[in-house]
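J.: Starting off with a structure, shown below.
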Amino acid sequence: MTFLYNLIIHFYTLLLRLAALWNPKAKLWVAGRRHIFDKLQKTIKHDRPLAWFHCASLGEFEQGRPVIEAYKLQYPDHRILVTFFSPSGYEVRKNYTGADYIFYLPADTMRNARRFVALVKPHIVFFVKYEYWFNYLRQLHKAGVPVVGVSSIFRPGQRFFRWYGRWQLAALKRFDHFFVQDQQSADLLAKAGITQASVSGDTRFDRVAEVARQKRSFPLVEQFAAGHQVFIAGSTWPPDEAMVRLLIEKNIPNLKFIIAPHEVHEARIQRLVESLPHETVRFSQASDQNLAEARVLVIDNIGILSHLYQYADVANIGGGFGVGIHNILEAATFELPVLFGPNYHKFREAVELIAQGGAFSFGNEQEFLAAALPLLTDGSRRKAAAQIARQYVESRQGATRLTLGRLRVGK
Numbered sequence: 007m008t009f010l011y012n013l014i015i016h017f018y019t020l021l022l023r024l025a026a027l028w029n030p031k032a033k034l035w036v037a038g039r040r041h042i043f044d045k046l047q048k049t050i051k052h053d054r055p056l057a058w059f060h061c062a063s064l065g066e067f068e069q070g071r072p073v074i075e076a077y078k079l080q081y082p083d084h085r086i087l088v089t090f091f092s093p094s095g096y097e098v099r100k101n102y103t104g105a106d107y108i109f110y111l112p113a114d115t116m117r118n119a120r121r122f123v124a125l126v127k128p129h130i131v132f133f134v135k136y137e138y139w140f141n142y143l144r145q146l147h148k149a150g151v152p153v154v155g156v157s158s159i160f161r162p163g164q165r166f167f168r169w170y171g172r173w174q175l176a177a178l179k180r181f182d183h184f185f186v187q188d189q190q191s192a193d194l195l196a197k198a199g200i201t202q203a204s205v206s207g208d209t210r211f212d213r214v215a216e217v218a219r220q221k222r223s224f225p226l227v228e229q230f231a232a233g234h235q236v237f238i239a240g241s242t243w244p245p246d247e248a249m250v251r252l253l254i255e256k257n258i259p260n261l262k263f264i265i266a267p268h269e270v271h272e273a274r275i276q277r278l279v280e281s282l283p284h285e286t287v288r289f290s291q292a293s294d295q296n297l298a299e300a301r302v303l304v305i306d307n308i309g310i311l312s313h314l315y316q317y318a319d320v321a322n323i324g325g326g327f328g329v330g331i332h333n334i335l336e337a338a339t340f341e342l343p344v345l346f347g348p349n350y351h352k353f354r355e356a357v358e359l360i361a362q363g364g365a366f367s368f369g370n371e372q373e374f375l376a377a378a379l380p381l382l383t384d385g386s387r388r389k390a391a392a393q394i395a396r397q398y399v400e401s402r403q404g405a406t407r408l409t410l411g412r413l414r415v416g417k
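Throughout the sequence shown, residue numbering follows my numbering, covering 7 to 417 in sequence.
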């Protein structure tokens, strides 16, 4: 199975190199790894212990960020390395000041993993949520480097717990400790013979609460929203945007819209803008003049959405008509009732918020309007759902403190 895994990694890398000829994201993936080992050799210093944090993409980075920053406070003499798998994480956070070094992670081949670990010489390694790169885990284990899972979560249907995933389960046993989000994850690991786990909760709650406390200001968005009710659609895909257009066509008085698509390359933004009413303005082109007449504001950059929920009254989070919803906690922390499509059942926070009345799911146009319109027209109903959403986030903070409190790192 190890041979097959390595073959798949090499084949996947080759496919990305081919896709880079026409796909912008693949091009960034390939270009970001070019001469990566030369860059590491010239940049990484070994005068102090180094903690390596790996995140798949932007969402995992935001999930791990509270731990990165708390670690830096607790171990100020340690250097911090952050790596990303995806361009959507690296390109947005490559200038993050909380880390000493930020790089793409080279593909998980045996040779790359061996060279990377030898060059970086990490003191401790943190993999955030889902990342389990088997060659890297093998090399770290050989080097005697402690590996920690942060905000890890496991489900019965995952490959690790099926007969064909035994070799992958063996790789999980190379972790020195898992800080898991819930008791089910800890129980699954224990049943599989992995007892080095503690339930710490989800660090995303700490991160979104911190964003809400910061309240970063966007004057043009504030101007757009002032005196109006605002419906925000975040991390959207075309099926999500089709639902929002239904509301726009209702011409509800005093209602404005903010739409932040998940992908923001030019062709995608152009198609979205062309599908919307004429009173639509792109954030990158917004001015005092054109915002005065605008009903719809399209966010055409990455990295600010989590701060924009403060200007809204109701949120619709995308992804529910695809593989799964995006981060609903970013909206909930700003006291917004949250709407999303039908593919949410793998997300504990979505299931719990629906049960409590702070979130609502829909599977078609009729269900969307049935959920959205009462929240927009009935202030008391909206306020009740909004308070539930905010209280839900507040009651689940503290995972970062538990993680760092149980962590034992040699000086």
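Beta carbons: idealized from backbone N, C-alpha and C, even for Gly.
In chain order, what residues of the same chain have a beta carbon less than 6 Å from the beta carbon of Leu261, not counting five sequence neighbours either side?
T.: Only Gln235 meet the Cβ criterion.
J.: Could you work out which residue in Gly150, Ser241, Ile258 and Val287 is closest to Leu226 when comparing CA atoms only?
T.: The option with the nearest alpha carbon to Leu226 is Val287.
J.: Under a Cβ-count criterion, where at least 16 other Cβ atoms within 10 Å of its own Cβ denotes burial, should Asp114 be classed as buried or exposed?
T.: Under this definition Asp114 is a buried residue.
J.: Compare the C-alpha of Asp188 against each of Phe160, Lys179 and Leu175 and name the closest.
T.: Taking only the C-alpha atoms, the option nearest Asp188 is Phe160.
J.: Could you compute how far the alpha carbon of Ile200 sits from the alpha carbon of Asp53?
T.: Cα-Cα distance, rounded: 35 Å.
J.: Take Glu137 and list the residues in its own chain whose beta-carbon comes closer than 6 Å to its own, dropping the five residues that flank it on each side.
T.: His60 and Ala62.
J.: Quick check on the DSSP output: the alpha helix (DSSP H) that includes Ala391 runs from which residue to which?
T.: Looking at the DSSP string, the run of the alpha helix (DSSP H) that includes Ala391 is Gly385 to Glu400.
J.: Mapping DSSP to helix, strand and coil, what is Phe181?
T.: In this structure, Phe181 counts as coil in the three-state DSSP scheme.
J.: Give the DSSP bridge partners of Val123, in chain order.
T.: Note: Val123 sits in no beta bridge, so no partner.
J.: With 16 as the cutoff for other CB atoms within 10 Å, does Glu479 come out buried or exposed?
T.: Only positions 7 to 417 of the chain appear in this structure, which leaves residue 479 out of reach.
J.: Which residue's Cα is closest to the Cα of Ile305: Ile265, Gly70, Leu20 and Ile108?
T.: When each option's Cα is compared against that of Ile305, the closest is Ile265.
J.: How many whole angstroms separate the CB atoms of Ala203 and Thr339, which I take to be in contact at a CB cut-off of 8 Å?
T.: That belief does not hold up - the Cβ atoms of Ala203 and Thr339 are roughly 27 Å apart, past 8 Å.
J.: I need the DSSP call for Val186, collapsed to helix, strand or coil.
T.: Residue state, collapsed to three classes: strand.
J.: What first and last residue would you give for the beta strand (DSSP E) that runs through Val205?
T.: Run containing Val205: Ala203 to Val205, per the beta strand (DSSP E) assignment.
J.: Under DSSP, the alpha helix (DSSP H) around Gly95 begins and ends at which residues?
T.: Per DSSP, Gly95 belongs to the alpha helix (DSSP H) from Pro93 to Arg99.
J.: Put Tyr136 into one of helix, strand or coil per three-state DSSP.
T.: Coil.
J.: When DSSP builds the beta bridges, which residues end up paired with Ile87?
T.: Looking at the sequence itself, residue 87 is Leu, so the reference to Ile does not match. Answer by DSSP bridge pairing, in chain order: Trp58 and Tyr107.
J.: Where are the alpha helix (DSSP H) runs, 4 residues long or more, that stay fully inside the segment 211–254, in chain order?
T.: Counting whole runs of 4 or more residues, the segment 211–254 contains the alpha helix (DSSP H) stretches 225–231.
J.: Tell me whether Gly233 is buried or exposed, calling it buried when 16 or more other Cβ atoms sit within 10 Å of its Cβ.
T.: Counting Cβ neighbours within 10 Å, Gly233 comes out exposed, since fewer than 16 surround it.
J.: Just checking my contact of Asn349 with Phe327 at CB under 8 Å: how many whole Å lie between their CB atoms?
T.: Yes, Asn349 and Phe327 are in contact; Cβ-Cβ is about 7 Å, under 8 Å.
J.: Please identify the residue among Asp44, Arg213 and Pro82 whose C-alpha is closest to the C-alpha of Ala337.
T.: Comparing Cα-Cα distances from Ala337 to each of Asp44, Arg213 and Pro82, the minimum goes to Arg213.
J.: To the nearest angstrom, how far is it from the Cα of Trp139 to the Cα of Gly347?
T.: So the two alpha carbons sit approximately 31 Å from each other.
J.: Curious, which full-length beta strand (DSSP E) runs of at least 3 residues does the segment 298–337 contain?
T.: Listed in chain order, they are 302–304 and 320–323.
J.: Determine the direct distance from the alpha carbon of Ser290 to that of Ile360, and round the result to whole angstroms.
T.: Approximately 35 Å between the Cα atoms of the pair.
J.: Could you check whether Leu175 and Phe184 sit closer than 8 Å to each other, using their CB atoms as the reference points?
T.: No, the Cβ-Cβ distance between Phe184 and Leu175 is not below 8 Å.
J.: To which residues does DSSP link Leu345 through a beta bridge?
T.: DSSP lists Asn322 and Phe366 as partners of Leu345.
J.: Within the same chain, show all residues whose beta-carbon is closer than 6 Å to that of Val98, passing over the 5 residues directly before and after it, in chain order.
T.: Closer than 6 Å at the Cβ level, and outside the excluded window around Val98, lie Leu64, Ile308 and Gly309.
J.: Could you work out which residue in Val123, Ser158 and Arg168 is closest to Thr409 when comparing CA atoms only?
T.: The residue with the shortest Cα to Cα distance from Thr409 is Ser158.
J.: Alpha carbon to alpha carbon, what distance is there between Phe366 and Gln1?
T.: Residue 1 lies beyond the range of the chain shown here (7 to 417); nothing can be said about it.
J.: Quick one: what does DSSP say Arg40 is sitting in, helix, strand or coil?
T.: Here Arg40 sits in coil by DSSP.
J.: By DSSP's criteria, Phe263 is part of a beta bridge. Which residues make up the other side?
T.: Its beta-bridge partners are Phe237 and Val302.
J.: Can you tell me where the alpha helix (DSSP H) holding Arg161 begins and where it ends?
T.: Neither: Arg161 is in no alpha helix (DSSP H) and is coded neither H nor E.
J.: Going by beta carbon distance, what residues of the same chain come within less than 7 Å of Thr49, once the five residues before and after it are set aside?
T.: So the list reads Tyr107, once near-sequence residues are dropped.
J.: Give a yes or no on whether the C-beta atoms belonging to Arg2 and Asp294 are separated by under 8 Å.
T.: As shown, the chain starts at 7 and ends at 417. That puts residue 2 outside it, with no answer to give.
J.: Comparing alpha-carbon positions, which option in Pro283, His129 and Gly385 lies nearest Gly150?
T.: Of the listed residues, the one whose Cα sits closest to Gly150 is His129.
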